[in-house]
Amino acid sequence: MLALGGILCVGIRSNLICQSETDIFLTRTFPPQVKPVAHNYKAKQRPIAYCCKKSVDQKAPGELNCPKGIAVLNQTGDIYIADYCNHRVQVFSSNGDYLFMFSEKMNKPIGICISQNKVFVTQLFGNCINMYELEGKLIKSVGSRGNGEAQFYLPHGLDVSDRNRNVYVCDFLNNRVQIFSQELKFHSILGKDLFNHPRDVKVTRDRVLVLDYSDPCMFVFNSDHILTNRLITRGGGKQTNFPYCFDIDIDYNMIMSDYSNHCVYVFNQEGEQIHKFGKEGQGIGEFCRPWGIALNCTGHIIVVCHKKTNCLQFF
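Start counting the sequence shown at 1; every next residue gets the next number (full-length UniProt numbering).
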């Protein structure tokens, strides 16, 4: 048991380093379906925990090999990570302890989200979306390679609507977002002839945000799927270079990992950069190809790095 900034940190393993003068909130009573709270972006971002378990092949439980998407289970704070090169999903507690893994019908898992006690995972090379129980039992798999309905060409990020439980999937090389019912029945297509490689998507009760990789930019739609804004373009001192994943807080600030600039950007809902942290490196608080990013319900930022460190960091 370790006290961090007046808060007890329980069950920290030796490979989890906690910085002094900071805190990590480890409650396991998160209310369900609560959007992340606003983070204190004005404060300098220092890592409060760092989890990086290493071996030669990076295949053992708790080891990550090119981790991609992250999803946080609000009820417990457990973190689900798409362990891309190991063809599995690994689950960690809110303080970074390894819990369990599952791998049924996985081929390069990349995007992941959680809704109504179901885990949805996109398979990049499987060109499909899988639905699992929280414990990892496969419920359903939909998709094949192609450009028809319920077909994909390298699917990426996905999210589930709080309003109607529809599932939105970025169909990367088909340049569209496909929408499914919560039972994974094809519903409709968003952004036909609009996107140029959509990478990630977030859905709230009143809007849909789609991160487009090639421009890069953020498309904002209302709940009726009418385009209302296009944000985050190159230049103006806020240039992003290969943004891969993002999350949003309750104030619609967008927290975005930048793969090539090895940092995290924060933009407000008008697309103005309000914060940036991180630099290239393999140490604590540094990034090497950051990919998955998420806010937990206490407002802490969780980031995984795709290359070299294969680490899980909390800010």
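Note that CB positions come from ideal geometry on N, CA and C, so glycine has one too.
Values in this document were obtained by computation on a predicted structure and should not be read as measured data.
| Item | Value |
| --- | --- |
| Please determine if the stretch 41–57 and the stretch 70–82 are in contact, where contact requires at least 3 C-beta pairs separated by less than 8 angstroms. | no |
| CA-CA distance, Ile248 and Gln58? | 31 angstroms |
| Would you please state the rounded distance, in angstroms, between the beta carbons of Ile189 and Arg176? I believe it to be under 8 angstroms. | 5 angstroms |
| For Asn229, which of helix, strand or coil comes out of DSSP? | strand |
| Pick out whichever of Asn117, Asp97, Gly126, Phe100 has its Cα sitting closest to the Cα of Gly111. | Gly126 |
| Across the stretch 189–206 and the stretch 135–147, are there enough close Cβ pairs to call them in contact, namely three or more that are closer than 8 angstroms? | no |
| What separation, rounded to the nearest whole angstrom, lies between the Cα atoms of Arg28 and Gln75? | Low local confidence applies: a pLDDT of 27 at Arg28 is under 50, so the model's placement there is unreliable, and no value is given. |
| In chain order, what residues of the same chain have a beta carbon less than 8 angstroms from the beta carbon of Lys276, not counting five sequence neighbours either side? | Cys263, Val264, Tyr265, Val266 |
| From the DSSP output, in three-state form, read off Asn147 for me. | coil |
| Quickly, what does DSSP pair Gln273 with across the bridge? List them, please. | Phe267 |
| One question on the structure: do Val160 and Val203 come within less than 8 angstroms of each other, judged by their Cβ atoms? | yes |
| Exposed or buried, which one is Asp200 when buried takes at least 16 other CB atoms within 10 Å? | buried |
| For the beta strand (DSSP E) holding His187, just list the boundary residues, first then last. | 186–190 |
| In angstroms with no decimal places, state the Cα-to-Cα distance between Leu158 and Tyr259. | 18 angstroms |
| Tell me which residues share the same chain as Thr228 and place their Cβ nearer than 8 angstroms to its Cβ, disregarding the 5 neighbours each side in the sequence. | Arg207, Val220, Phe221, Asn222 |
| Which residues mark the beginning and the end of the beta strand (DSSP E) in which Ile301 is found? | 301–305 |
| Quick one: grab the DSSP three-state call for Tyr132. | strand |
| Roughly how many angstroms lie between the CA atoms of Gly148 and Pro155, to the nearest whole one? | 13 angstroms |
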